[in-house]
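**Q**
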Amino acid sequence: MPSLPKTDETFTTMDQKSRKLLERKQNIAQQRKALPIASVEKRLVEEVKNNDVLIIVGETGSGKTTQLPQFLFNAGLCHDGKVIGITQPRRVAAVSVAKRVAEECGVELGQRVGYSIRFDDVTSNLTRIKYMTDGLLLREALLDPFLSKYCVIIVDEAHERTVHTDVLLGLLKTVQSARSQYVNKELDHEKRSLYKSGNSDRENRLKACQGTKLPPLKLIIMSASLDASVFSKYLGGAKAVHVQGRQYPVDVLYTYHAEPDYLDAALITIFQVHLEEGPGDILVFLTGQEEIEFVERRIKERANQLPEENRKLVIVPIYSSLPSERQMKVFKPAPLGFRKVILATNIAETSVTIPGIKFVIDPGLVKARSYNPVTGVESLIIIPTSKAQALQRSGRAGREGTGKCFRLYPESEFAKLVDSTVPEIKRCNLSNVVLQLKALGIDDILGFDFMEKPSRMAIVRSLEQLFLLGALTEDYKLSDPVGYQMSRLPLDPIYSKALILAGEYQCVEEMLIVVAMLSVESIFYIPNDKLDEARAARKCFSSPEGDHITMINVYRASKEVMEKIQVTNSQDKAAEKSINKWCRDNFINKRSLKHARDIHSQILGHIQQMGLSVTSCGDDMLQFRRCLAASFFLNVALKQPDGTYRAMASAQIVRVHPSSVLFRTKPECIIFNELVRTNQIYVRNLTRIEPLWLPELAPQGAGVLVAERWSGVEQGGDDYTDVKGPNEYGSSISGWPSRSSSPVCFPVYGLCEDGLCLSWLGDDSPPT
DNA sequence: GAGCACTGC
Numbered sequence: 001m002p003s004l005p006k007t008d009e010t011f012t013t014m015d016q017k018s019r020k021l022l023e024r025k026q027n028i029a030q031q032r033k034a035l036p037i038a039s040v041e042k043r044l045v046e047e048v049k050n051n052d053v054l055i056i057v058g059e060t061g062s063g064k065t066t067q068l069p070q071f072l073f074n075a076g077l078c079h080d081g082k083v084i085g086i087t088q089p090r091r092v093a094a095v096s097v098a099k100r101v102a103e104e105c106g107v108e109l110g111q112r113v114g115y116s117i118r119f120d121d122v123t124s125n126l127t128r129i130k131y132m133t134d135g136l137l138l139r140e141a142l143l144d145p146f147l148s149k150y151c152v153i154i155v156d157e158a159h160e161r162t163v164h165t166d167v168l169l170g171l172l173k174t175v176q177s178a179r180s181q182y183v184n185k186e187l188d189h190e191k192r193s194l195y196k197s198g199n200s201d202r203e204n205r206l207k208a209c210q211g212t213k214l215p216p217l218k219l220i221i222m223s224a225s226l227d228a229s230v231f232s233k234y235l236g237g238a239k240a241v242h243v244q245g246r247q248y249p250v251d252v253l254y255t256y257h258a259e260p261d262y263l264d265a266a267l268i269t270i271f272q273v274h275l276e277e278g279p280g281d282i283l284v285f286l287t288g289q290e291e292i293e294f295v296e297r298r299i300k301e302r303a304n305q306l307p308e309e310n311r312k313l314v315i316v317p318i319y320s321s322l323p324s325e326r327q328m329k330v331f332k333p334a335p336l337g338f339r340k341v342i343l344a345t346n347i348a349e350t351s352v353t354i355p356g357i358k359f360v361i362d363p364g365l366v367k368a369r370s371y372n373p374v375t376g377v378e379s380l381i382i383i384p385t386s387k388a389q390a391l392q393r394s395g396r397a398g399r400e401g402t403g404k405c406f407r408l409y410p411e412s413e414f415a416k417l418v419d420s421t422v423p424e425i426k427r428c429n430l431s432n433v434v435l436q437l438k439a440l441g442i443d444d445i446l447g448f449d450f451m452e453k454p455s456r457m458a459i460v461r462s463l464e465q466l467f468l469l470g471a472l473t474e475d476y477k478l479s480d481p482v483g484y485q486m487s488r489l490p491l492d493p494i495y496s497k498a499l500i501l502a503g504e505y506q507c508v509e510e511m512l513i514v515v516a517m518l519s520v521e522s523i524f525y526i527p528n529d530k531l532d533e534a535r536a537a538r539k540c541f542s543s544p545e546g547d548h549i550t551m552i553n554v555y556r557a558s559k560e561v562m563e564k565i566q567v568t569n570s571q572d573k574a575a576e577k578s579i580n581k582w583c584r585d586n587f588i589n590k591r592s593l594k595h596a597r598d599i600h601s602q603i604l605g606h607i608q609q610m611g612l613s614v615t616s617c618g619d620d621m622l623q624f625r626r627c628l629a630a631s632f633f634l635n636v637a638l639k640q641p642d643g644t645y646r647a648m649a650s651a652q653i654v655r656v657h658p659s660s661v662l663f664r665t666k667p668e669c670i671i672f673n674e675l676v677r678t679n680q681i682y683v684r685n686l687t688r689i690e691p692l693w694l695p696e697l698a699p700q701g702a703g704v705l706v707a708e709r710w711s712g713v714e715q716g717g718d719d720y721t722d723v724k725g726p727n728e729y730g731s732s733i734s735g736w737p738s739r740s741s742s743p744v745c746f747p748v749y750g751l752c753e754d755g756l757c758l759s760w761l762g763d764d765s766p767p768t
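Just so you know, we're using full-length UniProt numbering here: the first sequence kicks off at 1 and counts up by one.
1) Does DSSP put S229 in a helix, in a strand, or in coil?
2) Would you list the one or two residues that DSSP bridges to N372?
3) Quick one: is T66 buried, meaning 16 or more other Cβ sit within 10 Å of its Cβ, or exposed?
4) Please determine, among E560, K559 and F541, the residue with the shortest C-alpha to C-alpha distance to M551.
5) Ends of the beta strand (DSSP E) at R626?
6) Assuming contact is defined by CB atoms lying nearer than 8 Å, are K312 and F338 in contact in what I supplied?
7) Considering only heavy atoms of the ligand FMN, does any lie closer than 7 Å to the CB of V374?
8) Thinking P69 and I84 are a contact (beta carbons under 8 Å), I'd like their distance in whole angstroms, please.
9) Around the C-beta of L171, are 16 or more other C-beta atoms found within 10 angstroms, so that it is buried, or is it exposed?
10) Under the assumption that A224 contacts S232 (Cβ atoms under 8 Å), give the Cβ distance between them as a whole number of angstroms.
11) Near T402, what residues of its chain come up, given a Cβ to Cβ distance below 6 Å and the 5 sequence neighbours on each side ignored?
12) How close, in whole Å, do the beta carbons of A647 and A637 come, if the pair is a contact with beta carbons under 8 Å?
13) Determine the closest residue to R90 out of T644, S351, G611 and A471, with distance taken between C-alpha atoms.
14) Within the continuous beta strand (DSSP E) that includes S223, where are the two ends?
15) What does the Cβ neighbour count give for K17, buried or exposed, with the cut at 16 atoms within 10 Å?
16) In the stretch 383–466, which residue ranges form an unbroken alpha helix (DSSP H) of at least 4 residues, counting only runs that do not cross its ends?
17) Please say whether F146 and V175 have beta carbons closer to each other than 8 Å?
18) Helix, strand or coil, according to DSSP, for A471 in the structure here?
19) For V163, which of L136, R24, R584 and E23 has the nearest alpha-carbon?
20) Would you identify the three-state DSSP class for Q247, choosing helix, strand or coil?
21) Have a look at K577 and I565 and give me their C-alpha separation to the nearest angstrom.
22) According to DSSP, is M486 helix, strand or coil?
23) Using the Cβ count rule (16 or more neighbours within 10 Å means buried), how would you classify P363?
24) Using the rule of at least 16 other Cβ atoms within 10 Å of the residue's Cβ for burial, across every protein chain shown, is D15 buried or exposed?
25) If you draw a straight line from the alpha carbon of H606 to that of H600, how long is it in whole angstroms?
26) Contact check, D167 vs T287 under 8 Å by CB: the rounded distance?
27) Taking the DSSP output, what are the residues bridged to A344?
28) What does a CB cutoff of less than 7 Å around L435 pick up in its chain, not counting 5 residues either side in sequence?
29) When you compare each of M562, F587 and L253 to L531 by their alpha carbons, which one comes out closest?
30) Considering only their Cβ atoms, is the gap separating I689 from V654 smaller than 8 Å?
31) Which of the three DSSP states is assigned to H242 in this structure?
32) Could you check what DSSP says for D15 in three-state terms: helix, strand or coil?
33) Distance check for Y131 and L634, CA to CA, integer angstroms please.
34) For my contact list, A502 and C627 are in at a C-beta cut-off of 8 Å; report their separation, rounded to the angstrom.
35) DSSP three-state call for N199: helix, strand or coil?
36) Can the beta-carbon of A536 be found closer than 8 Å to that of L408?
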C-alpha cells in the first residue's frame with residue numbers, strides 16, 4: 001500500500017490489526033469445523049438436492065441454523081440469483097444469526113447475507129441468504145404468492161409450532177405444488193383459483209411469472225423435537241435426517257412425593273444446591289412476575305439467617321415486561337465466590353440463553369394463554385408443562401458442561417405430561433389467520449390442510465366475525481375493497497376495520513393513533529412503590545370520555561416533546577435522553593411508546609398507499625366516539641343496577657378493569673377492546689358511548705348472519721352442521737338476558753321475523 | 001381497586 005505513510009508506528013498498528021483479523025478468521029473457521037454438522041456437509045447437500053422436502057432434526061448446538069444455508073449456497077443452489085430464506089419465530093434470533101453468518105462468510109451484513117424483520121430490513125439485491133421472521137414471510141406471500149424469489153425455504157424451530165409457523169407450513173405445501181408446474185395462461189381454472197386475483201400487486205406478480213417456469217421450491221423443516229414423524233406425515237412422508245447436537249449430559253432428579261407448595265419446594269431446593277453443590281449458577285423456572293418477586297423476597301429473608309459465608313448469592317429476575325436494562329443483568333457474571341440465582345419465566349426457555357447455568361430447578365408449571373371462541377374471553381391459566389418443555393428446560397443446564405435438573409414433582413408425574421405443548425393455533429383467535437388465508441386465495445378454510453386443525457367452532461366464529469366486519473361477502477369471499485384493504489394492514493382485523501371506517505368519520509388521524517396504541521402492551525408503567533405519583537401523572541392525560549381519548553392525549557404529548565427536542569437539539573443521544581426523562585416523569589413505558597410509534601408510521605405508510613387521506617376531527621371528539629361505536633359495535637357493555645356490566649355479544653357479566661380511566665365513573669354504556677379473565681372477567685380499554693347510537697351505527701347485516709346460521713343448524717342442512725346444535729352454536733343468542741332476569745333495558749341485535757334486527761330488550765323504552 | 005407467560009406482522 002504505497003499511499004500510506006510508511007512510519008514504523010503505522011506498520012505496527014496495521015500489523016496488529018490485520019493479525020487480529022486473521023486470528024478472528026482462523027478462530028471462526030476452527031469453530032465452524034468443530035460443529036457436529038460440519039462432518040455431514042456433503043451428505044446434507046445431497047439430501048437437499050435429492051428431496052424436495054427434507055426434515056432435519058437437529059439437537060441444540062448442532063449448528064444447523066448457521067451452517068446449512070452456507071452449505072447450500074456454496075453448493076451452488078443460488079446460481080440463478082434465487083434466495084435461500086430461513087424463517088425464525090423470533091426477531092432477535094433472525095438478527096443475531098444473520099450477523100453471525102455474515103461474519104463467518106466475511107461479508108458485510110445486508111450484502112450476500114441479510115435479515116428482514118418488521119420495521120427493519122437489512123437486505124439488498126445481492127442478498128442470497130436471508131434470515132427473517134416467519135410472520136414476515138407470510139406477509140411477503142401476500143404480494144408474491146409463488147414466493148418466486150426463493151429457491152429454498154428453511155423453516156427453523158418448527159417444533160415451537162407458533163401460529164405463523166403452522167400457517168406457513170400449510171401455505172408452503174400449496175406453493176410448492178403450484179411451483180412444480182408451469183405458471184402460464186394454460187394453468188387450469190382450478191389451479192388459478194388458488195391464487196385468485198383482485199389485488200393489483202399480486203396480479204402484477206402473476207403476470208410477471210406468466211410464461212416462465214419457476215424452479216421447484218425446496219422446503220426444509222428444521223426441528224429440535226425428537227419426533228419428526230408428525231412433520232413427515234404432514235409433508236407426504238418426507239425424509240427425515242438427524243444431526244447430532246453438542247449437549248452435555250444433564251442429571252435429572254425428581255421428588256419422592258408431589259409437593260403441595262411448589263414455591264416453598266423451589267426455595268428449599270435453591271438452598272440445598274447452594275449449600276451442598278459445587279460452583280455453577282441456578283436457573284429457576286417460575287410462572288410470572290408475581291411469583292418471581294415473591295421468591296426473590298423469600299430467598300433474601302432466608303439467606304440473611306445463614307452464616308455470613310453462606311450468603312454469597314446474587315438474585316436476578318428476568319421476565320418480558322422487565323425494562324431491558326434490568327433484563328441485561330442476567331448476563332453479568334456473579335462476583336468471585338458468589339452464586340447467581342436466576343428467577344425466570346418461560347423467557348429463559350427459548351428466547352434468552354444465559355451462560356453459566358449448571359443447575360435448573362423446574363416446578364413443572366407454566367402460565368399459558370387460552371381463548372374461548374364462543375365467549376371471546378382470553379384467560380391466562382397455570383398448567384403443567386409438556387414433556388418437550390421439561391426437556392427444553394433441563395437442557396439449559398447442559399450448555400457448557402454436565403449439569404443437574406431438579407424437577408419438583410415425582411417421576412410418575414412426568415409420564416403423565418402431554419408430549420408436546422398444544423400448538424398455538426388451537427388456542428387463539430383465528431380472525432387474522434382466516435383473513436390472511438382468504439387474501440392468499442384460499443377460500444375453503446374449513447377444508448384447508450392445517451397441520452393441526454383448529455376446532456370448527458373457532459373457524460366458524462372467525463368467519464362470522466370477519467363477515468360482520470365487512471371483510472367477507474355473503475358467500476364468504478374476501479370483499480373488495482374492504483377485505484383486501486384489511487388483509488394488507490398488519491393489525492388485528494377489528495382495528496383495520498376501525499381505521500377504514502374512520503375515513504367516513506373524518507377521524508383517521510385519531511384512529512391511527514388509537515390502533516397503534518391498542519396494538520402494544522400497556523403504555524402506562526405503574527411501579528408498586530410509587531402508586532400515587534404514577535396516578536397523579538396519568539391524570540394529566542385522562543379524558544372523561546375514556547381510555548381511547550386518553551391514549552391520544554399521551555401520544556400527542558409525547559410527539560410534542562419529541563418535536564421540541566428535535567428543534568433545539570441536533571444530537572440524537574441528547575434527544576433520546578430527554579424523551580427517556582419525559583417517560584420516567586410521566587410513568588410511561590418507553591418500550592411500548594417506541595413500539596406504538598413504529599406501528600403508527602408503518603400503518604401510516606400503508607393507508608397512504610391505499611389512498612385513504614389522513615383526516616382529523618379536530619376537537620370534535622363526539623365524531624370520534626361515534627366512529628368507535630361503529631367500529632366496535634360487537635363489544636358493547638351496559639351497566640347493570642349493581643355497577644357491573646353486561647357484555648352484549650355474549651351476555652356475560654363483566655367488570656371494568658381498574659386500570660381504566662372510567663373505573664370510578666361507570667357510564668351507562670361503553671364499548672371496549674379487550675375481554676380478559678383473571679380472578680374476574682374484566683373489560684379493558686373503554687370509551688363511553690350513547691346507547692342510542694347503536695341502532696343507527698351497527699351494520700344492518702349483523703344479526704341476519706347469526707339468524708341464518710342458526711336456522712341452518714336447526715335444519716341440519718348447511719355447511720356448519722357438525723357444530724353441536726343451537727345451544728352451543730347459538731349460545732350467544734339463546735343466552736341473551738331475558739326480561740324477567742334483568743329489569744334493565746338492553747339494546748340487542750336480536751332475532752326478528754324478518755331476520756335480524758337491533759332491538760330493545762327489557763323495558764319498552766330505551767334508558768334515559 | 002387489579003396484576004399480565006411468550007412471540008409476531
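For each residue, glycine too, the CB sits at the ideal point set by N, CA and C.
**A** So, to answer that:
1) Translated into positions along the first sequence, residue 229 becomes position 229. In this structure, S229 counts as helix in the three-state DSSP scheme.
2) Residue 372 sits at position 372 when you count from the first residue of the first sequence. As a beta-bridge residue in DSSP terms, N372 pairs with V377.
3) If you number the first sequence from 1, residue 66 lands on position 66. By the 10 Å Cβ count, T66 comes out buried.
4) Here residue 551 corresponds to residue number 551 of the first sequence, with the count starting at 1. M551 has its Cα closest to that of F541, out of E560, K559 and F541.
5) Position 626 of the first sequence holds residue 626. Per DSSP, R626 belongs to no beta strand (DSSP E); it is in the alpha helix (DSSP H), M621 to S631.
6) Reading the first sequence from its first residue, position 312 is the one you call residue 312. Reading the first sequence from its first residue, position 338 is the one you call residue 338. Against a cut-off of 8 Å, the Cβ pair of F338 and K312 comes out as a contact.
7) With respect to the ligand FMN, the structure shown offers nothing to examine, as it has no ligands at all.
8) Locating residue 69 in the first sequence gives position 69, where the first residue counts as 1. Locating residue 84 in the first sequence gives position 84, where the first residue counts as 1. Contact holds; Cβ gap of about 5 Å.
9) Taking the first sequence and counting its residues from 1, the one referred to as residue 171 is at position 171. Classification of L171: buried, given that the 10 Å Cβ count is 16 or more.
10) In the first sequence, the residue the question calls residue 224 occupies position 224. In the first sequence, the residue the question calls residue 232 occupies position 232. A224 to S232, Cβ: 15 Å. No contact.
11) The sequence position of residue 402 within the first sequence is 402, counting from 1. These residues qualify, in order along the chain: Y248 and P249.
12) Start at 1 with the first residue of the first sequence, and residue 647 comes out as number 647. Start at 1 with the first residue of the first sequence, and residue 637 comes out as number 637. About 5 Å separates the two Cβ atoms, so the contact holds.
13) Along the first sequence, one-based indexing puts residue 90 at 90. If we check each option's Cα against that of R90, S351 comes out closest.
14) Position 223 of the first sequence holds residue 223. From DSSP, the beta strand (DSSP E) with S223 extends over K218 to S223.
15) The residue you call residue 17 lines up with position 17 of the first sequence. With fewer than 16 other Cβ atoms within 10 Å, it is exposed.
16) 387–395, 411–416 and 431–439
17) One-based indexing of the first sequence puts residue 175 at position 175. One-based indexing of the first sequence puts residue 146 at position 146. A contact, by the Cβ cut-off of 8 Å.
18) One-based indexing of the first sequence puts residue 471 at position 471. If DSSP states are grouped into helix, strand and coil, A471 belongs with coil.
19) Within the first sequence, residue 163 is the residue found at index 163, counting from 1. Per the Cα distances, L136.
20) Residue numbering aside, residue 247 sits at position 247 when the first sequence is read from its first letter. DSSP places Q247 in coil when its eight states are reduced to three.
21) Reading the first sequence from its first residue, position 577 is the one you call residue 577. Reading the first sequence from its first residue, position 565 is the one you call residue 565. So the alpha carbons of these two residues sit roughly 10 Å apart.
22) Taking the first residue of the first sequence as 1, we reach residue 486 at position 486. Helix at M486.
23) Mapped onto the first sequence, residue 363 falls at position 363. Flag for P363 reads buried.
24) To locate residue 15, count along the first sequence from 1; it is residue 15. So D15 ends up on the exposed side.
25) Mapped onto the first sequence, residue 606 falls at position 606. Mapped onto the first sequence, residue 600 falls at position 600. Computed Cα separation, rounded: 10 Å.
26) Here residue 167 refers to the residue found at position 167 of the first sequence. Here residue 287 refers to the residue found at position 287 of the first sequence. The identity of residue 167 in the sequence shown is Val, whereas the question assumes Asp. No, V167 and T287 are not in contact; Cβ-Cβ is about 28 Å, not under 8 Å.
27) Against the first sequence, residue 344 aligns to sequence position 344. Partner(s): F285 and I318.
28) Position 435 of the first sequence, counted from the start, is the residue given in the question as residue 435. The residues are L466, A471, M486, S487 and P493.
29) Position 531 of the first sequence, counted from the first residue, corresponds to residue 531. That would be F587, whose Cα lies nearest to the Cα of L531.
30) Translated into positions along the first sequence, residue 654 becomes position 654. Translated into positions along the first sequence, residue 689 becomes position 689. It is not a contact, given that the beta carbons lie outside the stated cut-off.
31) By one-based count along the first sequence, residue 242 stands at place 242. Residue state, collapsed to three classes: strand.
32) For the purposes of this step, residue 15 is taken as residue 15 along the first sequence, with counting starting at 1. Note: D15 maps to helix in three-state DSSP.
33) To locate residue 634, count along the first sequence from 1; it is residue 634. To locate residue 131, count along the first sequence from 1; it is residue 131. Looking at the two C-alpha atoms, the distance is approximately 39 Å.
34) Reading the first sequence from its first residue, position 502 is the one you call residue 502. Reading the first sequence from its first residue, position 627 is the one you call residue 627. Correct: roughly 5 Å between the Cβ atoms.
35) As a first step, residue 199 is located in the first sequence; it is residue number 199 there, counting from the start. No answer about N199 holds up, because its pLDDT of 47 lies below 50 and its placement is not dependable.
36) The residue labelled residue 536 in the question sits at position 536 within the first sequence. The residue labelled residue 408 in the question sits at position 408 within the first sequence. No, these two residues do not count as a Cβ contact at 8 Å.
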